[in-house]
Amino acid sequence: MPHHQTAAPQPNSQYATQAAYQYPSWSSSTQQQPPTRVSHEQFRAALQLVVNAGDPREYLDNFIKIGEGSTGIVCIATEKPTGKQVAVKKMNLRKQQRRELLFNEVVIMRDYHHDNVVDMYNSYLVGDELWVVMEYLAGGSLTDVVTETCMDEGQIAAVCRECLQALEFLHSNQVIHRDIKSDNILLGMDGSVKLTDFGFCAQITPEQNKRSTMVGTPYWMAPEVVTRKAYGPKVDIWSLGIMAIEMIEGEPPYLNENPLRALYLIATNGTPELQNPEKLSGTFSDFLNRCLEMDVERRGSAKELLQHPFLKVAKPLSSLTPLIVAAKEAVKNNR
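Taking the UniProt record's numbering, the leading residue of the sequence shown gets 1, the next gets one more, and so forth.
Structural data, given as structure tokens:
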């Protein structure tokens with residue numbers, strides 16, 4: 001998904017969404033990258049060490065393409081023995097701008113399992129492609145819901161709580177996601193909420209607990225990422241705050257600006273202003289302010305925000321089902 005230049009909108013979530021604003025995620029290092037000397041064959045051999053042996057086509061069939069992004073395509077497929085549907089992400093090794101990030105797709109998702117994280121079942125090398133077989137969520141992405149429906153505070157609180165549970169789990173395991181946005185939140189038809197797309201995540205250690213690489217998607221980036229400061233897990237909390245604005249207004253701030261202009265505005269304006277702040281309850285406003293705090297030390301952690309009073313107004317996850325159904329219908333009619 002890395003793109004250094006302004007890109008035209010294109011689908012970038014794991015499953016097909018028809019939203020108007022799916023810009024690819026960016027990746028740009030603060031240091032000049034040394035020329036890579038690892039051949040394609042060497043890289044493929046290294047990847048072979050972490051994937052499963054065998055050919056997934058022996059137990060999967062009925063592949064149907066449902067999405068396409070800058071790293072590859074996503075299909076649904078059926079397990080022959082059980083009839084169960086799974087998602088298969090196919091990524092061509094030769095077409096990756098930062099192919100080392102493919103290890104994230106395999107290793108991070110393989111090692112971490114949580115109710116609010118999309119489950120990865122297996123990964124394979126099929127020719128020059130990495131195939132990642134994972135849980136399929138039929139409700140699509142949160143992007144369709146925020147663009148096609150109106151969410152109330154109880155529904156927004158429910159989504160925020162589920163996302164914070166995923167982030168608390170990842171952050172407690174020293175993993176920063178770095179690309180939190182509605183495109184990367186998948187929904188089950190029962191209203192279950194799960195985080196996906198670990199292509200840009202970073203594993204930190206006590207010795208190296210900060211990063212400075214500029215990755216993510218411009219409109220959701222925290223100011224400290226934009227300004228190339230060392231940053232930690234709280235960049236995900238800022239992005240969650242921007243995603244909450246998506247749920248209120250249907251899109252992130254500065255979406256009408258080109259991505260480079262958006263980066264400038266994030267760096268200079270700091271906490272974005274809502275179009276109609278008076279419509280929010282006091283507890284929701286406070287929750288947003290805790291997420292979108294410029295001072296990283298004062299910004300809430302996932303653990304702290306899970307105790308915030310706003311989450312107490314969360315409706316049952318089943319309250320999301322009518323929105324998911326309505327969004328799917330709207331997307332179908334827009335085609």
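Even glycine gets a Cβ: it sits at the ideal position worked out from N, Cα and C.
How is the alpha helix (DSSP H) around residue i delimited, first residue to last?
{"i": "I245", "result": "234 to 249"}
{"i": "Y136", "result": "Element bounds for Y136: n/a, residue is neither H nor E."}
{"i": "I108", "result": "102 to 111"}
{"i": "V331", "result": "321 to 334"}
{"i": "L263", "result": "259 to 269"}
Checking the sheet assignment: what are the DSSP bridge partners for residue i?
{"i": "T78", "result": "D61, Q85"}
{"i": "Q203", "result": "V175"}
{"i": "Y124", "result": "W131"}
{"i": "R211", "result": "Y231"}
{"i": "M151", "result": "In DSSP, M151 forms no bridge with anything."}
{"i": "I73", "result": "E68, K90"}
{"i": "V117", "result": "L195"}
Verify whether the separation of the beta carbon atoms of residue i and residue j is less than 8 Å.
{"i": "T82", "j": "N62", "result": "no"}
{"i": "E135", "j": "D119", "result": "yes"}
{"i": "V175", "j": "A327", "result": "no"}
{"i": "K89", "j": "V74", "result": "yes"}
{"i": "V226", "j": "V235", "result": "no"}
{"i": "A166", "j": "H114", "result": "yes"}
{"i": "F198", "j": "N104", "result": "yes"}
Kindly list the residues whose CB is nearer than 6 Å to the CB of residue i, restricted to its own chain and excluding five residues on each side of it in sequence; keep chain order.
{"i": "K303", "result": "E168"}
{"i": "L311", "result": "A157, R161"}
{"i": "T149", "result": "L323, A326, A327"}
Keeping to the same chain, check which residues put their C-beta closer than 8 Å to that of residue i; ignore five residues upstream and five downstream.
{"i": "R94", "result": "H40, D128"}
{"i": "L164", "result": "L240, A302, L305, L306, L311"}
{"i": "P57", "result": "Note that residue 57 is Arg in the sequence shown, not Pro. Here the set comprises V126."}
{"i": "S318", "result": "D190, G191"}
Based on Cα-Cα distance, which residue from the options lies nearest to residue i?
{"i": "S194", "options": "L170, R211, Q203", "result": "Note on residue identity: the sequence assigns Lys, not Ser, to residue 194. Among L170, R211, Q203, the Cα nearest to that of K194 belongs to L170."}
{"i": "Q96", "options": "K80, M109, G72", "result": "G72"}
{"i": "Q48", "options": "L130, R99, D115, I64", "result": "L130"}
{"i": "S123", "options": "H114, M109, E297, P322", "result": "M109"}
{"i": "D111", "options": "N173, L265, L317", "result": "N173"}
{"i": "P309", "options": "A330, T283, T321, E293", "result": "T283"}
{"i": "R37", "options": "R99, N276, V51, M91", "result": "R99"}
{"i": "R290", "options": "E105, I237, A314", "result": "I237"}
{"i": "G188", "options": "N52, S141, V106, L288", "result": "S141"}
{"i": "S182", "options": "L102, S212, T147, A166", "result": "T147"}
From which residue to which residue does the beta strand (DSSP E) around residue i run?
{"i": "I185", "result": "185 to 187"}
{"i": "V193", "result": "193 to 195"}
Can you name, in chain order, every residue of its own chain whose Cβ lies under 7 Å from the Cβ of residue i, other than the five neighbours on each side?
{"i": "N256", "result": "none"}
{"i": "P252", "result": "Y219, W220, I242, I245, E246"}
{"i": "G270", "result": "P223, M294"}
{"i": "T205", "result": "Q174"}
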